[in-house]
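Each residue of the sequence shown is one higher than the one before, starting from 306 at the first, in the numbering used here. Worksheet: the structure to be examined is printed underneath.
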Amino acid sequence: MRYMAGVSGGYSLVGFLKKDAYNYVDKRRRAKIVDGDANAAIVYLEEWAQAAADYGLQDTLWWNQVYGKKEMWANAFLCEKFCARYRTTSRCEGINSVCKNFLESKHSMLELVQNLELLVREYRNNELLAQFRSIYSESVLTTSLESLEHHAASVYTRAVFVDAKRELQSVFSVNFVGVRRSLTTKVYTVEEYGHPGRHIIVLCDKNMGKLECGCNFWKIQGFPCKHMFFVMKHEHLLTIPSSLVLKRWTKEAKSLDIYVEKTDDGGDRWFLLRHGALHSASRRLFFLGAQQVGLFVVALDGIHRLCATLESEFAKGVHPTNSKARGEIRDPIVVRTKGAPRGHKRKASKRQCANCNKPGHTKRTCTDRRPRRGKKARLDTFNSAEDEGQSEEVAELDATGSNDQTIVVEEVFGGGALHIP
306 MRYMAGVSGG YSLVGFLKKD AYNYVDKRRR AKIVDGDANA AIVYLEEWAQ
356 AAADYGLQDT LWWNQVYGKK EMWANAFLCE KFCARYRTTS RCEGINSVCK
406 NFLESKHSML ELVQNLELLV REYRNNELLA QFRSIYSESV LTTSLESLEH
456 HAASVYTRAV FVDAKRELQS VFSVNFVGVR RSLTTKVYTV EEYGHPGRHI
506 IVLCDKNMGK LECGCNFWKI QGFPCKHMFF VMKHEHLLTI PSSLVLKRWT
556 KEAKSLDIYV EKTDDGGDRW FLLRHGALHS ASRRLFFLGA QQVGLFVVAL
606 DGIHRLCATL ESEFAKGVHP TNSKARGEIR DPIVVRTKGA PRGHKRKASK
656 RQCANCNKPG HTKRTCTDRR PRRGKKARLD TFNSAEDEGQ SEEVAELDAT
706 GSNDQTIVVE EVFGGGALHI P
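Here it is, written out as structure tokens:
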């Protein structure tokens, strides 16, 4: 508005008010919708149907249930994507709610660092309590499928078991429709109570221990859905197949043993692989050792010593590996702070006496009473020096023996002359 007033030469020459400008902009925006929100909804549905025709999604389960289950709207776009239980910004909002109890805008830099340390300690303490309860506590079994529930309680953590138990309790809302066999795989058709005609396909291979459900619940959440539990009950399975148990949701998720690399020493396949790797690594040795006679002798002696060492180790049957060291967690490397480098401080010197230049005392308490250089002694020290024999008197008499000659006395310390008649 200020720009328009400047161009026109004043607010009185603009011809409209600020409110008129806002009304004009709002009118232009509304003009894009012909018949209001209804027309926008129709255009959206037409594009939705066109997308289904282009990508062939008419027969997919999640496409048909997108309006039946509003909680599946986001999951439809994240189909077959494991989200680790993240949903929108819930985890970020949860962290912010915890930080509000420790951080405030009026805190200084020192208080900020201290409160962040308290926040990290609180997080670690809560994590430690959750892990302790998951390992050493036993959940109460309340469902009739005791074997499956007991196995889920022994495998999953306490938090994940609560969600898995909710799916296990929902098995009774699943109805059986039919089953057919395809080679070693059984194709189950089930439906949920209250939604007849909405069929869900579950594939089960009991020999291989594999289950797959058309709702894609396991691919998103990471634990079996109620349809899978229904098929387990129908197949009389006592435990959850290992292929459906993710290690990140188990009690052993923080154990270092699962991260240690495990190798199988047996089998011809592994022998051939190791043999080929050693042969490829030794080509450079063969090339250099064959260049000269001296190098050939050194290489041959080294090979003999290495073979003797390997034969002795193989005879003992002990094959040490460093696989355990790979699983160790150590303190992170301390990164130096940014800015100017730290300067070397000068070593503080001890206080010395100004009179004798010795440490341990000052000139006020110094026992060495030597006079300083360049300063004259007081005249009154002359009499005391004369009595003690510390001064020298030089009397010169005239060779003629005249009594009128004055006696000149020189003071050694002062350097002055005193004339005595």
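Ideal placement from N, C-alpha and C gives every residue a C-beta, glycine not left out.
Coarse secondary structure for residue i, derived from DSSP in three states
{"i": "residue 369", "result": "helix"}
{"i": "residue 443", "result": "coil"}
{"i": "residue 497", "result": "strand"}
{"i": "residue 465", "result": "helix"}
{"i": "residue 555", "result": "strand"}
{"i": "residue 319", "result": "coil"}
{"i": "residue 550", "result": "coil"}
{"i": "residue 539", "result": "helix"}
{"i": "residue 409", "result": "coil"}
{"i": "residue 652", "result": "coil"}
{"i": "residue 669", "result": "coil"}
{"i": "residue 502", "result": "coil"}
{"i": "residue 603", "result": "helix"}
{"i": "residue 306", "result": "coil"}
{"i": "residue 364", "result": "coil"}
{"i": "residue 522", "result": "helix"}
{"i": "residue 530", "result": "coil"}
{"i": "residue 450", "result": "coil"}
{"i": "residue 560", "result": "coil"}
{"i": "residue 597", "result": "coil"}
{"i": "residue 636", "result": "coil"}
{"i": "residue 400", "result": "helix"}
{"i": "residue 587", "result": "coil"}
{"i": "residue 545", "result": "coil"}
Burial state of residue i, where buried means 16 or more other Cβ atoms lie within 10 Å
{"i": "residue 586", "result": "exposed"}
{"i": "residue 493", "result": "buried"}
{"i": "residue 462", "result": "buried"}
{"i": "residue 437", "result": "exposed"}
{"i": "residue 472", "result": "buried"}
{"i": "residue 515", "result": "exposed"}
{"i": "residue 427", "result": "exposed"}
{"i": "residue 445", "result": "exposed"}
{"i": "residue 576", "result": "exposed"}
{"i": "residue 415", "result": "exposed"}
{"i": "residue 612", "result": "exposed"}
{"i": "residue 518", "result": "buried"}
{"i": "residue 433", "result": "exposed"}
{"i": "residue 454", "result": "buried"}
{"i": "residue 306", "result": "exposed"}
{"i": "residue 639", "result": "exposed"}
{"i": "residue 525", "result": "buried"}
{"i": "residue 521", "result": "buried"}
{"i": "residue 592", "result": "exposed"}
{"i": "residue 615", "result": "exposed"}
One or two residues paired with residue i in a DSSP bridge
{"i": "residue 486", "result": "491"}
{"i": "residue 508", "result": "492, 517"}
{"i": "residue 479", "result": "497"}
{"i": "residue 657", "result": "664"}
Residues of its chain near residue i, where Cβ-Cβ distance is below 7 Å and the 5 sequence neighbours each way are ignored
{"i": "residue 550", "result": "460"}
{"i": "residue 317", "result": "none"}
{"i": "residue 491", "result": "484, 509"}
{"i": "residue 752", "result": "With the chain represented from 306 up to 726, any question about residue 752 goes unanswered, as that position is not in the structure."}
{"i": "residue 554", "result": "461, 462, 465, 527, 528"}
{"i": "residue 440", "result": "556"}
{"i": "residue 656", "result": "664"}
{"i": "residue 312", "result": "none"}
{"i": "residue 489", "result": "510, 512"}
Contacting residues, own chain, Cβ-Cβ under 8 Å from residue i (five flanking each side not counted)
{"i": "residue 443", "result": "458"}
{"i": "residue 408", "result": "417, 420, 421, 424"}
{"i": "residue 496", "result": "479, 480, 482, 502, 503, 504, 505"}
{"i": "residue 469", "result": "457, 461, 528, 529"}
{"i": "residue 450", "result": "473, 476, 534, 538"}
{"i": "residue 667", "result": "656, 658, 659"}
{"i": "residue 542", "result": "453, 511"}
{"i": "residue 319", "result": "306, 309, 310, 313"}
{"i": "residue 435", "result": "462, 463, 464"}
{"i": "residue 486", "result": "492"}
Closer than 7 Å: residue i CB and nearest the ligand FMN heavy atom
{"i": "residue 639", "result": "Annotation note on the ligand FMN: not contained in the displayed structure, which lists no ligands."}
6 Å CB neighbourhood of residue i in its chain, flanking five on each side removed
{"i": "residue 601", "result": "594"}
{"i": "residue 308", "result": "none"}
{"i": "residue 475", "result": "531"}
{"i": "residue 544", "result": "456"}
{"i": "residue 403", "result": "none"}
Test: residue i CB closer than 8 Å to a CB of chain D
{"i": "residue 637", "result": "Among the protein chains of the structure shown there is no chain D, as only one such chain exists."}
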